[in-house]
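2 protein chains.
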Amino acid sequence: MGNTATLTKLVIIGVGLIGGSFALALRNAGLVKHIVGIGRSQQNLHYALAHGIIDEIAIDLATALHNADMVLLAMPVGQTAHVMAQIATHLQANTIITDAGSTKQEIIAAARHLLPMQNRHHFVPGHPIAGTEESGAHAAQATLYASKHVILTPLPETSTDATEKVCQLWQACGAQVSIMSADEHDQVLAATSHLPHILAFTMMNHLRHNSSDLAHLLHFAGSGLRDFTRIASSSPEMWRDICLTNREILLQQIDKYLYELKLLRESLEKNDGNTLEEIFSQAQHARKKWLKNSH
Amino acid sequence: MGNTATLTKLVIIGVGLIGGSFALALRNAGLVKHIVGIGRSQQNLHYALAHGIIDEIAIDLATALHNADMVLLAMPVGQTAHVMAQIATHLQANTIITDAGSTKQEIIAAARHLLPMQNRHHFVPGHPIAGTEESGAHAAQATLYASKHVILTPLPETSTDATEKVCQLWQACGAQVSIMSADEHDQVLAATSHLPHILAFTMMNHLRHNSSDLAHLLHFAGSGLRDFTRIASSSPEMWRDICLTNREILLQQIDKYLYELKLLRESLEKNDGNTLEEIFSQAQHARKKWLKNSH
Numbered sequence: 001m002g003n004t005a006t007l008t009k010l011v012i013i014g015v016g017l018i019g020g021s022f023a024l025a026l027r028n029a030g031l032v033k034h035i036v037g038i039g040r041s042q043q044n045l046h047y048a049l050a051h052g053i054i055d056e057i058a059i060d061l062a063t064a065l066h067n068a069d070m071v072l073l074a075m076p077v078g079q080t081a082h083v084m085a086q087i088a089t090h091l092q093a094n095t096i097i098t099d100a101g102s103t104k105q106e107i108i109a110a111a112r113h114l115l116p117m118q119n120r121h122h123f124v125p126g127h128p129i130a131g132t133e134e135s136g137a138h139a140a141q142a143t144l145y146a147s148k149h150v151i152l153t154p155l156p157e158t159s160t161d162a163t164e165k166v167c168q169l170w171q172a173c174g175a176q177v178s179i180m181s182a183d184e185h186d187q188v189l190a191a192t193s194h195l196p197h198i199l200a201f202t203m204m205n206h207l208r209h210n211s212s213d214l215a216h217l218l219h220f221a222g223s224g225l226r227d228f229t230r231i232a233s234s235s236p237e238m239w240r241d242i243c244l245t246n247r248e249i250l251l252q253q254i255d256k257y258l259y260e261l262k263l264l265r266e267s268l269e270k271n272d273g274n275t276l277e278e279i280f281s282q283a284q285h286a287r288k289k290w291l292k293n294s295h
Numbered sequence: 001m002g003n004t005a006t007l008t009k010l011v012i013i014g015v016g017l018i019g020g021s022f023a024l025a026l027r028n029a030g031l032v033k034h035i036v037g038i039g040r041s042q043q044n045l046h047y048a049l050a051h052g053i054i055d056e057i058a059i060d061l062a063t064a065l066h067n068a069d070m071v072l073l074a075m076p077v078g079q080t081a082h083v084m085a086q087i088a089t090h091l092q093a094n095t096i097i098t099d100a101g102s103t104k105q106e107i108i109a110a111a112r113h114l115l116p117m118q119n120r121h122h123f124v125p126g127h128p129i130a131g132t133e134e135s136g137a138h139a140a141q142a143t144l145y146a147s148k149h150v151i152l153t154p155l156p157e158t159s160t161d162a163t164e165k166v167c168q169l170w171q172a173c174g175a176q177v178s179i180m181s182a183d184e185h186d187q188v189l190a191a192t193s194h195l196p197h198i199l200a201f202t203m204m205n206h207l208r209h210n211s212s213d214l215a216h217l218l219h220f221a222g223s224g225l226r227d228f229t230r231i232a233s234s235s236p237e238m239w240r241d242i243c244l245t246n247r248e249i250l251l252q253q254i255d256k257y258l259y260e261l262k263l264l265r266e267s268l269e270k271n272d273g274n275t276l277e278e279i280f281s282q283a284q285h286a287r288k289k290w291l292k293n294s295h
């Protein structure tokens, strides 16, 4: 497909950890001339402008999107459909639209409803599997995507050129890009990310509800609990949106996990040491094999 | 209570990560003259001898325990009662007996059954909350207990002097020592350690059972899942024993966690975003407060 795409004008809606890091990485790679930022917090946008993450704070959507090569939607996933509706009338036919949301099927359904076919030709849904429990432009870093996975889930009507261009830009950020269906994406992420977050949040609430003195209880907690619950420090708003937009798959994942936990509970209730050891061995083996393969 | 206790002869049964690190830390502090090691793996004991963790490999229990100031039981908790039965006839009246097991009520019940009153006067059950997913003498390190918690759960018949002596030795290893009842210990550890281990092991098995290609699925997993499941790399034998010896309390903890998870599932099923966000906020708040307090 020739040389890596370059962007004359990139519009980022939601200049936080994800959008801000994309801006910094593309700037470092020398692939973007002018970046316009849009967002709900003026304070955050002024920080991004002052720190060279963006070149301009948008005055209005029409001006911002005029002659834009690409627009990145990087707000919490629950707001994406609303923002898509707002930008729909201002989009030029050749502007590439991409997003960074953690769930993909619902935003694709929204795009089918809100974007004319000429814009859907240029819509490339994406999800960078990167981030920390931090948020906001001040957390943005040029190296956030180095060696991280980015999954693109193009629609049947998305043009190959648009997908290729978005792919090249993420690769220029240092990411490994994979392409899969939105359904497969949502299944994979429900299992490897959404469910563990649910379980970590639930662990903290379980401790809260079963202790008259939580500080005393946690005083004796070791590094195991600390690592296990790290993801429970993540943004409640973000995780509300992820859960609601991947609801059906996540409900299935919770039910299957409940079943697995009940099997273990049954072995413990029966004092069945052999089965317990076998359960733990299989889990330990699977984890060790995973770590070995990922190095 | 005067100067820190010193030991002329310390016997360690089970010279692994826990027993070996206790030996190295006391040696560094200059508080022990001679350390005798006992264990089921001769290879491990020879490693410990060659690396200065112990001074002598025991020939037999009677010789090893003759004139011992203290014996530390540091094998997997499921073997502790068996070992206690073996040493009972060889113990001198003034030898302090302590252990490092992760559960305390069951070993105290065993001691009541197996040790004469004169020995129970010198029995100080203990639990250092330290360790990694590694095991064996090669993993031992003198600094393992620095700033870590050690909980002692003396019996009503344990002498204050014996408890004080064990307390001083752990403090000399750099640990913070707390004293509580065995029941409170087992409740606190079930909530903050045993349950998270159960949930992490279950997560790996859930992924195994719900994927036709586990390697492909885990290929897209981020650091969140990696940290969440770190403790699922722990020893299956050790965790079988911990579960079985803290069975009733752990079953209650599992049931309460299941209840908490079902509450969240219900909010998700009802599409109740406000309740979900509230659930996540409370969990996030509790974790942030914990981390703030622990610095």
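Protein chains in written order, with the working numbering: chain A, 1 to 295; chain B, 1 to 295. Backbone N, C-alpha and C fix where the C-beta goes; we use that ideal spot for every residue, glycine too.
Where residue i sits in the DSSP three-state scheme
{"i": "A/S178", "result": "strand"}
{"i": "A/V166", "result": "helix"}
{"i": "B/G2", "result": "Since pLDDT at B/G2 reaches only 49, below the 50 mark, its modelled position is unreliable, and no value is offered."}
{"i": "B/H51", "result": "coil"}
{"i": "A/L291", "result": "helix"}
{"i": "B/G37", "result": "strand"}
{"i": "A/L152", "result": "strand"}
{"i": "B/T320", "result": "This structure gives no information on residue 320 of chain B, because the portion of chain B shown stretches from 1 to 295."}
Residue-level contact to chain B via CB, residue i, 8 Å cutoff
{"i": "A/L244", "result": "yes"}
{"i": "A/N293", "result": "yes"}
{"i": "A/M1", "result": "With a pLDDT of 43 at A/M1, under the threshold of 50, the predicted position of this residue should be treated as unreliable, though the coordinate-derived value follows. Closer than 8 Å: no."}
{"i": "A/W290", "result": "yes"}
{"i": "A/T153", "result": "no"}
{"i": "A/S102", "result": "no"}
Exposure of residue i, with buried meaning 16 or more beta-carbon neighbours within 10 Å
{"i": "B/T63", "result": "exposed"}
{"i": "A/H206", "result": "buried"}
{"i": "A/D255", "result": "exposed"}
{"i": "B/K270", "result": "exposed"}
{"i": "B/K33", "result": "exposed"}
{"i": "A/G2", "result": "Note on A/G2: pLDDT 49, under 50, position unreliable in the model; the coordinate value appears next. Its Cβ having fewer than 16 others within 10 Å, A/G2 is exposed."}
{"i": "A/L291", "result": "exposed"}
{"i": "B/G78", "result": "buried"}
{"i": "B/G19", "result": "buried"}
{"i": "B/T160", "result": "exposed"}
{"i": "A/E157", "result": "exposed"}
{"i": "A/Q43", "result": "exposed"}
{"i": "B/R287", "result": "buried"}
{"i": "B/Q118", "result": "exposed"}
{"i": "A/P128", "result": "buried"}
{"i": "B/R120", "result": "buried"}
Min CB distance residue i to chain A below 8 Å
{"i": "B/F220", "result": "yes"}
{"i": "B/T192", "result": "yes"}
{"i": "B/W239", "result": "yes"}
{"i": "B/M75", "result": "no"}
{"i": "B/P128", "result": "no"}
{"i": "B/G19", "result": "no"}
{"i": "B/H149", "result": "yes"}
{"i": "B/L264", "result": "yes"}
{"i": "B/L224", "result": "Inspection of the sequence shows that residue 224 of chain B is occupied by Gly rather than by Leu. So, interface residue."}
{"i": "B/Y257", "result": "yes"}
{"i": "B/A215", "result": "yes"}
{"i": "B/E269", "result": "yes"}
Neighbourhood of residue i by C-beta, 6 Å cutoff - its chain only, sequence neighbours within 5 removed
{"i": "B/T6", "result": "L31"}
{"i": "B/F201", "result": "A232"}
{"i": "B/S21", "result": "A140, Q141 and L144"}
{"i": "B/G14", "result": "G39, A74 and M75"}
{"i": "A/S211", "result": "L217"}
{"i": "A/A146", "result": "G174"}
Residues near residue i in its chain [Cβ-Cβ closer than 7 Å; skip 5 each side]
{"i": "A/I249", "result": "D186, Q187 and A190"}
{"i": "B/D241", "result": "P76, V77 and G78"}
{"i": "B/S102", "result": "V77, H127, L189 and I242"}
{"i": "A/K104", "result": "P125, H127, T153, A182, H185 and D186"}
Other residues of its chain near residue i: CB distance less than 8 Å, five sequence neighbours each side excluded
{"i": "B/E278", "result": "none"}
Next item on the list: Entirely within the stretch 169-248 of chain A and at least 4 residues each: give me those alpha helix (DSSP H) ranges in chain order.
Entry: 182-189, 195-209, 214-219, 223-228 and 236-245
Check: What runs of the alpha helix (DSSP H), each 4 residues or longer, lie entirely inside the stretch 52-133 of chain B?
Finding: 61-65, 80-88, 105-114 and 117-120
Check: What are the uninterrupted segments assigned as alpha helix (DSSP H) that are 4 or more residues long and contained completely in the stretch 250-293 of chain A, given in chain order?
Finding: 273-293
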